Amino acid sequence: MISVALGIPLGLLAAFFRGKFETVTMRLADIFLSFPNIILILFLVSIFGPSIITVTVVIGILGWPFFARLMFGTVLSIKEKDYIEGAAAIGEKQRTIIFKYILPNAIAPILIQVTFRIAGAIILESSLSFLGMGVQPPAASWGNMLYNAQSITILSERPWMWLPPGLLLILTILSINFVGNGLRDALDPKTRL
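Now the structure itself:
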């Protein structure tokens, strides 16, 4: 939600107003997107310390460029539509055009991508916890559970220990992706034909 709260307004404003704000915002997004997220997250978590809040905030903040770019492209395509030009021609205020015409039409692709990004964030948090840089014990994390199940003593005495967290992680990710696919099918008018 942090990445959505940061990315959507920045992408919307950059596409609607263009100019220097667009240049600065999109170049900043390009800089963030040019580095692998896992490297940046490992770096920031090593500085601020591994905790639930740190991991959540860092994953959220590093996700904003994706939503800014998505919103930017969506708003640019919507802004070229005839009804937007018509609304501007009859004297609608820019704020009204943004909130009444552009934002409702741009929400569908954002909602679809939010579901996929939630699944990615769960995988990322589990990966960080597996590496010891995420949520720390005694807090529960599937990554911690998988890490604890990989020791030789547990694998030799109780080899099934990795199965519940691994299966639940897979089932959760698949479920979230199925919801995203369902949203895409329901909200995309091209798939209804």
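Counting in UniProt numbering, the sequence shown runs from 1 upward without gaps. Even for Gly, the Cβ is constructed at its ideal location relative to N, Cα and C. Treat the numbers as computed from the prediction; the structure is a model and nothing was measured.
Exercise for the section: Out of 111, 81, 151, state which residue places its alpha-carbon closest to the alpha-carbon of residue 102. Expected result: 81
Practice task
Indicate whether residue 165 and residue 133 have their beta-carbon atoms separated by less than 8 Å.
Solution key: no
Exercise for the section: In angstroms with no decimal places, state the Cα-to-Cα distance between residue 136 and residue 188. Expected result: 40 Å
Handout entry: Selection from 94, 76, 122 that minimises the alpha carbon distance to residue 60
Key = 122
Exercise for the section: Taking 8 Å as the threshold, find out whether the segment 66-81 comes into contact with the segment 139-159 through three or more Cβ pairs. Expected result: no
Handout entry: Run of the alpha helix (DSSP H) containing residue 79, from where it starts to where it stops
Key = 64-79
Exercise for the section: Could you have a look at residue 188 and say whether DSSP puts it in helix, strand or coil? Expected result: coil
Problem - Residue burial classification, residue 170 (beta-carbon count within 10 angstroms, cutoff 16) - result: exposed
Practice task
Tell whether a beta-carbon distance below 8 Å holds between residue 14 and residue 22.
Solution key: yes
Handout entry: 8 Å contact criterion, which residue 12 and residue 98 should meet: CB distance rounded
Key = 7 Å
Handout entry: residue 78 vs residue 106 beta-carbon contact at 8 Å
Key = yes
Handout entry: Distance, residue 119 Cα to residue 16 Cα
Key = 30 Å
Problem - Alpha-carbon spacing of residue 37 relative to residue 91, whole angstroms - result: 44 Å
Exercise for the section: Throw me the rounded Cβ distance for the residue 199 and residue 57 pair, which I believe falls under 8 Å. Expected result: Any property of residue 199 remains undetermined from this structure, which presents the chain solely from 1 to 193.
Problem - Euclidean distance between Cα positions of residue 24 and residue 86 - result: 29 Å
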